[in-house]
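Here the structure is laid out as structure tokens; the discussion comes afterwards.
Residue numbers (full-length UniProt numbering): 1 to 337.
Pasting the structure below:
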């Protein structure tokens with residue numbers, strides 16, 4: 001395997017000049033650049049990534065922390081970040097935190113130790129204090145789907161509470177007053193904010209809050225099935241269901257339809273996120289759009305601006321607004337109460 005010394009000898013220049021060419025350093029003659037690149041091609045020389053990172057103080061990679069890379073939500077987020085990174089000739093290095101503080105911390109440390117200057121972090125496990133400390137060490141660290149007031153200018157998030165409010169209010173406007181809620185049992189802000197948005201909408205519309213209408217389960221299809229089984233077993237008179245996310249809604253709808261319940265004629269269901277599944281289940285799911293692709297784009301753009309010491313377009317956190325997407329899973333209650 002060829003070394004930098006071999007390339008320098010073949011090109012007829014010093015090792016220092018060869019290093020400058022490899023690392024795209026200024027003040028290098030065109031003649032030397034041509035000679036070194038020709039030598040590299042002839043010898044099939046590939047620069048050592050770690051060595052280049054030491055010289056450049058960067059690995060030319062963007063670090064991304066996600067909850068679970070297998071989840072479609074995070075797939076969309078990563079793709080959006082990669083679109084911007086590719087335009088900057090940067091590669092992604094991805095870590096998974098699974099909403100666990102230890103795993104998140106380990107993954108972030110790996111990204112930092114890999115010399116990622118730009119980092120887009122989706123953290124639900126680490127405390128605000130820990131994120132504040134990390135951000136003070138890494139100027140290009142930006143947080144997505146998280147609000148931390150002390151570092152608000154580095155935060156890009158969705159108003160989850162408002163989104164759940166809009167979803168529940170849509171059911172109320174269609175005549176429903178007995179509305180169940182499928183809540184996530186994860187100990188994260190999103191779960192609390194979306195549940196609280198549901199409760200806010202009920203209060204503001206003078207509807208009694210009933211704890212037995214809320215089920216806390218895993219936020220996936222199986223959780224959605226189990227939640228609706230529990231609600232049916234309790235013989236609740238619900239005519240509509242708001243859910244933490246689209247996957248819970250899909251599981252809920254499948255179980256209902258298998259038991260002869262028509263949607264939306266007998267039961268209205270609304271989701272949250274507007275993921276791919278929302279458009280490919282029957283009936284197509286009315287839901288709240290979570291613009292994660294746009295938010296991820298903005299997060300990386302902000303991170304790159306911070307790394308390059310450019311003026312950012314805003315000084316406070318960027319809070320994206322959720323949007324109601326009307327499809328076919330919500331109907332008007334036949335007899336208004």
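For each residue, glycine too, the CB sits at the ideal point set by N, CA and C.
This structure is a prediction, so every number in the text was calculated from the model and none was measured.
- How many angstroms separate the CA atom of residue 136 from the CA atom of residue 177? 48 Å
- Task: Keeping to the same chain, check which residues put their C-beta closer than 7 Å to that of residue 281; ignore five residues upstream and five downstream.
- Result: 250, 253
- Message: So within the stretch 116 to 158, which uninterrupted beta strand (DSSP E) runs reach at least 3 residues, ignoring any that extend past its ends?
- Response: 118 to 121, 141 to 144, 155 to 158
- Query: Thinking C-alpha only, which one of 28, 27, 194, 35 is nearest residue 8?
  - Reply: 35
- Where residue 321 falls, given that 16 or more other Cβ within 10 Å makes a residue buried: exposed
- Query: Taking DSSP as the reference, what is the three-state secondary structure of residue 215?
  - Reply: strand
- Decide if residue 79 is buried, meaning its Cβ has at least 16 other Cβ atoms within 10 Å, or exposed. exposed
- Message: Under 8 Å, with one C-beta from each stretch per pair, do the stretch 159 to 170 and the stretch 178 to 196 reach the 3-pair mark?
- Response: yes
- Distance CB(residue 302)-CB(residue 62) smaller than 8 Å: no
- Item | Whole-angstrom distance between residue 23 and residue 53, CA atom to CA atom | In this predicted model, residue 53 has a pLDDT of only 49, less than 50, meaning its place in the structure is not dependable; the value taken from the coordinates is given anyway. Distance between the alpha carbons of residue 53 and residue 23 is about 9 Å.
- Using the C-alpha atoms, what's the distance from residue 12 back to residue 89? 30 Å
- For residue 188 versus residue 105, is the C-beta distance shorter than 8 Å? no
- Which stretch, first to last residue, makes up the beta strand (DSSP E) that contains residue 69? No beta strand (DSSP E) holds residue 69; DSSP gives it neither H nor E.
- Message: Given this structure, state the Cα-to-Cα distance separating residue 307 from residue 119, to the nearest angstrom.
- Response: 10 Å
- Below 8 Å CB to CB, which residues in the same chain sit around residue 14 once its five sequence neighbours on both sides are set aside? 8
- Task: Have a look at 330, 75, 69 and flag the residue whose alpha-carbon is nearest the alpha-carbon of residue 284.
- Result: 330
- Message: Quick check on the burial criterion: 16 or more other C-beta atoms within 10 angstroms. Buried or exposed for residue 286?
- Response: buried
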